[in-house]
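Sequences listed follow chains A and B, in order. Quick note on the numbering used here: the first sequence kicks off at 1 and runs consecutively. Quick note on the numbering used here: the second sequence kicks off at 1 and runs consecutively. Ideal placement from N, C-alpha and C gives every residue a C-beta, glycine not left out.
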Amino acid sequence: MPEPIANIVLIEDEQQIRRFVRIALEREGFHVYESETGERGLIETGTRKPDAVILDLGLPDIDGIEVIKQIRTWSTVPIIILSSRSDEHEKVKGLDAGADDYLTKPFGVPELLARIRAQLRRRFFAGGSSGDGIYRFGDVVVDLPKRLVLRGTKQIHLTPIEFKLLAALIRNLDRVMTQRQLLNEVWGPAYVENSHYLRIYMGHLRQKLEDDPAQPKYLQTETAVGYRLLSPLK
Amino acid sequence: MRETLPDKVFDQADDVTLVDLPADELLRRLREGKVYLPSLAEQASKNFFRKGNLIALRELALRRTADRVDAQMREYRMDQSIPQIWQANDRLMVCIEPGPEAEQIVRAAARLASSLRTDWLAVYVETPALQKLANARRDAIFRTLRLAQELGAETATLSGISIGQMLAAYARSRNVSRLVMGRPRRSLVARLIKPTVADELASHAKDIDLYVVGRDIQPASNESMRDKGKAAVSLAFQPKKVSSRHGYIWAAAISSLTTLIASFLVYRFDLSNVAMLYLLGVIVVSARFGRGPGALTSLLSVFAFDFFFVPPKLSFAVSDTQYLLTFIVMLTVSLVISNLTSNLRYQAQGATYRENRIRALYDLGKELAAALTSSHIIEISISHLSGVFQSRGVVLLPDSHERIRAMGSGNNDTTQESVNLGIAQWVYEHDEEAGFGTHTLPSSKAIYLPLMAPMRTRGVLAIVPEDPATIFLPEQRRLLDTFVSQIALALERVHYVEVAQDALITMESERLRNALLSAISHDLRTPLTAIIGIVSSLKEQEQDMSRDKRQELIDALYGQAFRMNSLVTNLLDMARLQTGKVQLNKQWQILEEVVGSAIRTMRHALEQHRIQVHLPHDLPLLQFDAVLIERVLCNLLENAGKYTPAGSHLVVSAEKRDDEVWISLADDGPGLPAGMETRIFDKFTRGEKESAKPGVGLGLSICRAIVEAHDGKIWAHNLPTQGAIFTFSLPAGNPPAPQDPEADLLH
């Protein structure tokens, strides 16, 4: 799939990280606009009309979470956050504030590029389905309008909750959905604290749709953060 | 005249300025109202400020000041010239006798001691005779002893029969070379009949210099006033006194009984043998009731014997003169017996009392020796103090900022209320006693004593005596002081035990830190060396390299960087787990999910291995911190990947056992080295010594820390066929009820 030239805003205070990310992205043909601070990053995001934003959560001037919230007031541009390993809590806050994905430092270039591509795809083909509401992964075909799930040729029975959960993940394909977001979307605001519901139903979905539920290919767990439906590799 | 200061103030003053003016002038100033308000001045000039008194006071003031100046002069000389050698073992002892002039003698002795620059002792010998003194007079004696103590004397109370003998023996035992005592009051004739103490001493201790201090003709008037104030005070450990009237009635009764028995015996026995029966009566009475009743029995016996048995019977007349000898001998013998017996009784009582004191001290010492903590010591001290001194006590210890505060345990709340921490703080800082009965804040209810140990003051003992008078008896006070030093010693001992333990812990952590540092420096340097080497060769020789060679080096670079990353991760995890900063975010989890994400995280390290997962479908939800348990699984998987050859099989499985769930990772690799099954979970311990495989041996100890934080266990052993199995358990708990199916139908 040919990708149009994309603009990417990189908000990161560490010069070494900026440098290698910039080199890697420019090699792939992206336009990269760097900014060292959150304030500058907000201006860049406002003026460059980026296709994706890469944001470090630990910035010298303003909190990364605040940057996400401000961007989300005017733009739906995909935001990938960079965070250090030990703060799952920060990641969840960032994702809840509207970020789309996260990368844990240290990370490799292939991983970064894969995340950016996935987000750009999401942006250019919004919804993840090919327009007809039919979505495929592995040997599974999901027909959202008809509420039909097939595995190979066999129809799979999903309960209404399971279907709602799967649909929410398909709508947010490749995006990390926090537990809170999923609970809110599927069960409703009153259930956001009952995360074990979510785990049980995710377990059901994996049992029904994955070859090896303990080593899932598509229905991925982001431990202590949330879930993500990974689009099939092309 | 109540405006007095203790001598100590004068003695301890850094400098003294004497304001001197003639008595007449002072009286004039008094009249002019410059000293007191006119009404008070009138009264004062009538009472104390008489000219005679003022002249005496002036003389006293001038003399004391002159002494002081003299002492300063001598000190100055000593500093300037050859130091005078004075014998440290040369001691002065003052003997305190009852009487109003005792105080005066003590003061004279104090002055003498200071001018001779010697230590001095004040001794009171309590004889049976003195024992019988009125309480008020005994109090006066003890007050004099306290005064001596305040003036710097060491005090002692001895009990014995002969003052002279006791003094001489004690003086010898303490190396006393000078003895001070009051001038005897008896007339020369009386002295011939019974020698005075001074005479006795002169014969018993010929090597001791005797100083006899003159007595004032007028007894100090305020002495008797003070006596009245405290007349009601009773003494503790007073030898038992049977009511005297009781004793005399018994004396009469026993004499009558003896006479009755004798009247039957007289028909069969010789009269002189019957007389012996009376001696028996005398012994019984004096042993039981003391000297007075004993003497009475002696007299009654002689009279009864004469009246009833010596012919002519029923008359005091004596027909045979030889009976006069019988009477004299009988009287003398019975008086001597009665005296000896009652002395014996007195000494036995004294011994019992001393034994009680020693036992109290021994009990305290024994229990304190076994105490392991400060609060334990406080508990023991308080219970013993309340038992021995009838007092409620509080032990106050300083905190790390040297502020005195009450320890929570062991101290009684109501007692703490009557204890003032401000006073305690002062006592702690000045190493001086304060509170009731002392010179500092005597109006407070409690007595504050510094707990002085050899190295430093360890705290303050505050006691609220139920009967304030008893605690100031010299013997009681000394016992209390011994208690205090025992408690202080125990506190110091515990303190040093703690210091030693801390040192041990510090050494242990130092050892660990060294091990950690060497492990880290090795394990961080190895990949760093590789990285620097590879990068520099790439930089210098990139042009000359084949594409394959370059690719190989870059792959190695990548591997080394990841190795460092995993090491740093482990170190950070260990540091977080060790500092206790990790708060478990326990939630009801599905094990399958965590196993899945762990395998995905480790997929690069396990590319060469075949992983199987066997989890039962009916496995309950488990409550754990998903991030940390994922870390456990990752570390186990990483280890398996590292220590088993490529192509090995890894099996993750789980099973429910009673109220636990066991999660295992089995491999078919070479297995664990023998004897290392538990040690591998220790920090910095690795299965293979000096292994070429990377790692500091932190992975498994992190696993253990995490699993134990979840109330689980982790262990490892070799499989009977091949390979090793690592298992950890997690408590099953009570999972929440599965979601209500209705909730599903709602949508």
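* Asked: When the distance is taken between beta carbons, is Y135(A) closer than 8 Å to L182(A)?
  -> Pairing L182(A) with Y135(A) gives a Cβ-Cβ distance that is not under 8 Å.
* Does any C-beta atom of chain A lie closer than 8 Å to the C-beta of V595(B)? -> Chain A, which has a Cβ nearer than 8 Å to the Cβ of V595(B), makes this yes.
* In chain order, what residues of the same chain lie with their CB nearer than 8 Å to the CB of W74(A), ignoring the 5 residues before and after it? -> Closer than 8 Å at the Cβ level, and outside the excluded window around W74(A), lie G46.
* Find the residues of chain B that neighbour S195(A), judging by a C-beta separation of less than 7 Å, and give them in chain order. => Going along chain B in sequence order, the residues near S195(A) (Cβ under 7 Å) are Q587.
* Is DSSP giving M177(A) helix, strand or coil here? -> In the structure shown, the three-state DSSP call for M177(A) is strand.
* **Spatial neighbours of A646(B) in its chain, beta-carbon cut-off 6 Å, leaving aside the 5 residues before and after** => Only Q608 meet the Cβ criterion.
* Asked: Quick check: the stretch 599-607 of chain B against the stretch 570-578 of chain B, are there 3 or more CB pairs under 8 Å?
  -> No, the stretch 599-607 of chain B does not touch the stretch 570-578 of chain B.
* Asked: Name the chain E residues that come within less than 7 Å of N565(B), Cβ to Cβ?
  -> Of the protein chains in this structure, namely A and B, none is chain E.
* Asked: Where do the N-terminal and C-terminal ends of the beta strand (DSSP E) with H31(A) fall, by residue?
  -> In this chain, the beta strand (DSSP E) harbouring H31(A) covers H31 to S35.
* Asked: Run through DSSP, which three-state label would H204(A) get?
  -> In the structure shown, H204(A) sits in a helix (DSSP, three-state: H, G or I).
* Asked: So, helix, strand or coil for T332(B), using DSSP?
  -> Helix at T332(B).
* Of the choices P731(B), L719(B) and A598(B), whose alpha-carbon is the least far from that of A709(B)? -> For A709(B), the closest of P731(B), L719(B) and A598(B) by C-alpha to C-alpha distance is P731(B).
* To do: Could you tell me whether the Cβ atoms of D781(B) and H649(B) are closer together than 8 Å?
  => Outside the displayed span of chain B (1 to 747) sits residue 781(B), for which this structure offers no information.
* To do: Compare the C-beta of V613(B) with all C-beta atoms of chain A and state if any pair is closer than 8 Å.
  => V613(B) counts as touching chain A.
* Figure out for me which residue from I161(A), E90(A), L230(A) and R72(A) has the closest Cα to the Cα of Y201(A). => Nearest option by C-alpha distance: I161(A).
* To do: Evaluate contact between the stretch 367-380 of chain B and the stretch 482-494 of chain B, counting only Cβ atoms and requiring at least three cross-stretch pairs below 8 Å.
  => Yes: at least three Cβ pairs fall under 8 Å.
* Please report the residue range of the beta strand (DSSP E) in which K206(B) lies. => Per DSSP, K206(B) belongs to no beta strand (DSSP E) and is neither H nor E.
* Proximity of R183(B) and G214(B) at Cβ, strictly below 8 Å -> Judged by beta-carbon spacing, G214(B) lies within the 8 Å limit of R183(B), meaning their Cβ atoms are closer than that value.
* To do: Would you kindly check if the distance between the Cβ of L636(B) and the Cβ of V595(B) is under 8 Å?
  => Their beta carbons are not under 8 Å apart, which means V595(B) does not touch L636(B) by this criterion.
* Pick out whichever of L421(B), L361(B), N734(B) and F307(B) has its Cα sitting closest to the Cα of Q589(B). => Of the candidates L421(B), L361(B), N734(B) and F307(B), the one whose C-alpha sits nearest the C-alpha of Q589(B) is N734(B).
* At a CB-CB cut-off below 7 Å, which residues of chain A make contact with E630(B)? -> Here the neighbours are T223.
* Asked: Any contact of the stretch 418-435 of chain B with the stretch 389-396 of chain B, i.e. 3+ C-beta pairs under 8 Å?
  -> Because the criterion of three Cβ pairs below 8 Å is met, the stretch 418-435 of chain B and the stretch 389-396 of chain B touch.
* **Interface residues of chain B facing R199(A) [CB-CB closer than 7 Å]** => The contacting residues are Q589, I590 and E593.
* To do: Examine the Cβ distances between the stretch 173-192 of chain A and the stretch 16-32 of chain B and report whether three or more of them are shorter than 8 Å.
  => Segment contact: the stretch 173-192 of chain A against the stretch 16-32 of chain B, fewer than three CB-CB distances shorter than 8 Å; contact not assigned.
* Asked: Using a Cβ-Cβ distance under 8 Å, would P60(A) count as near chain B?
  -> Closer than 8 Å: no.
* Using the C-alpha atoms, what's the distance from L325(B) back to F269(B)? -> Taking the straight line from one Cα to the other gives about 20 Å.
* To do: Could you tell me how far apart the beta carbons of I53(A) and I79(A) are, in whole angstroms, since I believe they sit closer than 8 Å?
  => One point to set straight first is that residue 53(A) is Val, not Ile, in the sequence displayed. So it is a contact: roughly 5 Å between Cβ atoms.
* Rounded straight-line distance, which links the Cα of N7(A) to that of S35(A) -> Each residue's Cα considered, the two are about 14 Å apart.
* To do: Could you check what DSSP says for H614(B) in three-state terms: helix, strand or coil?
  => Strand.
* 7 Å Cβ shell around L166(A) - same chain, five flanking residues per side excluded -> Within the same chain, L166(A) has close Cβ partners V142, L158 and L205.
* **Helix, strand or coil at V632(B) [DSSP, three-state]** => Annotated three-state conformation of V632(B) is helix, per DSSP.
* Asked: Three-state secondary structure (DSSP) at M602(B)?
  -> Coil at M602(B), not helix or strand.
* My guess is that I11(A) and G41(A) are in contact by the Cβ rule of under 8 Å, so how many angstroms apart are they, rounded? -> Rounded to whole angstroms, the Cβ separation of I11(A) and G41(A) is 3 Å, and the two are in contact under 8 Å.
* Alpha carbon to alpha carbon, how far is A88(B) from F472(B)? -> Residue confidence for A88(B) is low, a pLDDT of 47 falling below 50, so the modelled location carries little weight; the figure read from the coordinates is stated next. Distance between the alpha carbons of A88(B) and F472(B) is about 29 Å.
* Asked: How big is the Cα-Cα spacing for P22(B) and R456(B)?
  -> The C-alpha of P22(B) lies about 49 Å from the C-alpha of R456(B).
* Asked: Is the distance from the Cβ of A640(B) to the Cβ of I725(B) below 8 Å?
  -> Not in contact: A640(B) and I725(B) (Cβ atoms no closer than 8 Å).
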